[in-house]
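Numbering (my numbering), first residue to last: 3 to 733.
Below, the structure written as structure tokens:
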């Protein structure tokens, strides 16, 4: 028996079951089930389904009436999507207030607002290329990004349909061919951009609408060409549906987080979903159509929207409350999500969707949708205000600190100067060059605490108090306590291959010092520029988030290696420095055992440093800072201000130190130094030293603490630079 009857039906059970496949893929992936590493592609399945259903609805309206009622369309979308979405946002706000550290309230509150107005995907895209993204913690509403993409599609596509309907009436054109042509242009442009953007900046490409429109467009094309699929024989239609099922299974088990996404790879689940939908028009009653249309699959599909909304915040809040979740916990929480999903469907989704009064008065549905948006955004603003109140009530100053050593007034406060000094030679036109403003002279009334001997092995133990009266910067603001290279735009984004140069120190200095690497050299940026100003060094910063300057393969897309090779060419060519200072966070590279991967990382350093040494350019290697592991120091301190002993962690080398030291031992023109005795002077690393918070995110130190170490670092760095210069002079 063929399924032709489904062709003209308003409801297709197999598509409801396809929704179940999509949401189960996502749930399994988020729960950490190892058998479905490509479960994230379930979102792409949703995109195709949405494009198919919405376009089918709109094109039938155009063919029936010659126009599109935007009011009715947006009213249907509002009552279908907004009540449940806003309910989950409000509950997520409450759960955040109860279980998530206050330090994250403002960020999550902003995410709630972004989700309520369906712009969260752009907010996440912006955050994904931020210098702190590599340490960022998942937002409990991060999954709303896909809903935002769909809502933005729902805004644009009906307007194109209105244009198409007008052209049909005015010129007597055929509806489906015209709309198909318009859509084909959108799909081709979006797919092309998706491939390009995925190669250039995969973190951004994952979230933005422009790289995803083609997926909804593919589903829309299936709807516009429905007559073609209806003419398939039942055998051919069934075979097509089976091919689609195999593509979806392949997506779930063959793809993984190392797959560049979306790009070309997203064609597999996208075309697979399209094949299932197209084949379902006329497939035999058995096979995929029967399975997808079965009662369990239909039931799960009916809950798919609410299930998608609920599962992720439950997982994230549970992780915030209990720590990293075990596999069984992730699965248990995902299964538990069926309960609030069912309640939401029965008590919210279905009653609002089927309310007769809203069908008769579309404006009422729009008003309800607007009210839901305001309520959802209000939950976000409430969290932001709660964070602000916490900051206002916190003891001690919000920013700035009496430092451990004299750093001078205004240190670390730099700004970009239009034009900078310019980057000359190869790549100079493409790379930015920004210069720090000259530092002011130290203020006479600045009387910070100074160590008796800046070259001593660490701070005075008496300065370590685990019950501090005040903490600077306030832990609630620690995430913003970063060196000026970031607000100056001196750090390349994750996935970027552009080499950005920023200038600081003494612009007329006789010695040119280049800082090369990732955020671990970046965290010392202001300190090194200040030392440069004192010593008469012109300091040039070349920073790329997530990329130590090594020839080793440290990322999936190879962008770090391309960035590193461009920087190598510039340092050996038109922007030749006198000495290069490096550091890095990565401890391993490539594949193999831990020891083999550490060796690969070290060899990547050796390759570049050897090239520099042969050109007469020595290297000073600055050790990576000790890592607190899974402990978020600033979050812990924000919760235990009166006794920060609960936020200590066992001392150890930073993850990047071993390959850095190993490479420095092999390259004769490299000199290794460490500041870790100043950062962790005890067996248990203290989170606060001299009332200054040591760590911000991950293993990065606060800029306030870094600036307090100007003199100790200077005492070690200046001799190291002199020693390094001597190695090339002797050679």
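We put the CB at the ideal spot given by N, CA and C, even for glycine.
| Check | Outcome |
| --- | --- |
| With a cut-off of 8 Å on the beta carbons, I'd call residue 389 and residue 107 a contact; round off their distance for me. | 4 Å |
| Check residue 263 in the structure and name its three-state DSSP category. | coil |
| Can you name the start and end residues of the alpha helix (DSSP H) that residue 194 belongs to? | 177–202 |
| From this set, 730, 479, 521, 487, which residue's C-alpha is nearest residue 580's C-alpha? | 730 |
| For residue 587 and residue 534, which I take to be in contact (beta-carbon distance under 8 Å), what is that distance rounded to the nearest angstrom? | Going by Cβ atoms, the distance from residue 587 to residue 534 rounds to 23 Å, so no, they are not a contact pair. |
| Under 8 Å Cβ to Cβ from residue 593, same chain only, skipping five residues before and after it: list those, please. | 599 |
| Run the CB neighbour count on residue 298, radius 10 Å, all protein chains shown included, and call it buried at 16 or more, exposed below. | exposed |
| Ordered along the chain, which non-local residues of its own chain (more than five positions away) have a Cβ less than 6 Å from that of residue 556? | 562, 588, 591 |
| Could you tell me the distance, in whole angstroms, from the CA atom of residue 17 to the CA atom of residue 287? | 14 Å |
| Residue 181: which of 168, 362, 193, 191 sits nearest, CA to CA? | 168 |
| Can you tell me the Cα-Cα spacing of residue 707 and residue 208, whole angstroms? | 35 Å |
| Is residue 632 helix, strand or coil when you go by DSSP? | coil |
| Check for me: the alpha helix (DSSP H) holding residue 277 runs from which residue to which? | 269–282 |
| Given a threshold of 16 other Cβ atoms within 10 Å of its Cβ, counted over all protein chains shown, does residue 104 qualify as buried or as exposed? | buried |
| Looking at residue 483: is its Cβ nearer than 7 Å to the Cβ of residue 704? | yes |
| In or out: residue 198 buried (at least 16 other Cβ within 10 Å) or exposed? | exposed |
| Taking DSSP as the reference, what is the three-state secondary structure of residue 252? | helix |
| How far does the beta strand (DSSP E) with residue 623 in it reach, from first residue to last? | 621–624 |
| Given that a residue counts as buried once 16 or more other Cβ atoms are within 10 Å of its Cβ, and exposed if not, what is residue 214? | buried |
| Can you check the segment 125–173 for any alpha helix (DSSP H) of at least 4 residues that lies completely inside it and give the ranges in chain order? | 146–173 |
| Measuring CA to CA, which of 584, 646, 548, 378 is closest to residue 469? | 646 |
| Would you identify the three-state DSSP class for residue 676, choosing helix, strand or coil? | coil |
| Whose CA, out of 70, 90, 129, lies closest to the CA of residue 162? | 70 |
| Identify the continuous alpha helix (DSSP H) that holds residue 684 and give its terminal residues. | Per DSSP, residue 684 belongs to no alpha helix (DSSP H) and is neither H nor E. |
| Looking at residue 528 and residue 472, is the spacing between their C-beta atoms short of 7 Å? | no |
| Short check: CB of residue 538 to CB of residue 551, under 7 Å? | no |
| So, at 7 Å on beta carbons, what are the nonlocal neighbours of residue 429 in its own chain, with the 5 sequence-adjacent residues on each side left out? | Below a pLDDT of 50, predicted positions are generally treated as unreliable, and residue 429, at 34, falls in that range; no measurement from the model is reported. |
| Within 10 angstroms of its Cβ, does residue 376 collect 16 or more other Cβ (buried), or is it exposed? | exposed |
| Measuring CB atoms only, is the segment 666–681 touching the segment 710–717, in the sense that at least three cross pairs come out at less than 8 Å? | yes |
| Can you name, in chain order, every residue of its own chain whose Cβ lies under 7 Å from the Cβ of residue 525, other than the five neighbours on each side? | 485, 702, 703, 708 |
| Tell me the DSSP secondary structure of residue 697 in three-state form. | strand |
| Which residues mark the beginning and the end of the beta strand (DSSP E) in which residue 544 is found? | 539–546 |
| Rounded C-beta distance between residue 505 and residue 542? I'm assuming under 8 Å. | 6 Å |
| Can you tell which of 93, 616, 179, 117 has its C-alpha closest to the C-alpha of residue 342? | 93 |
| Within this structure, are the beta carbons of residue 606 and residue 671 separated by less than 7 Å? | no |
| Going along the chain, which residues of its own chain have a beta-carbon closer than 8 Å to the beta-carbon of residue 314, five neighbours each way excluded? | 32, 142, 143, 144, 145 |
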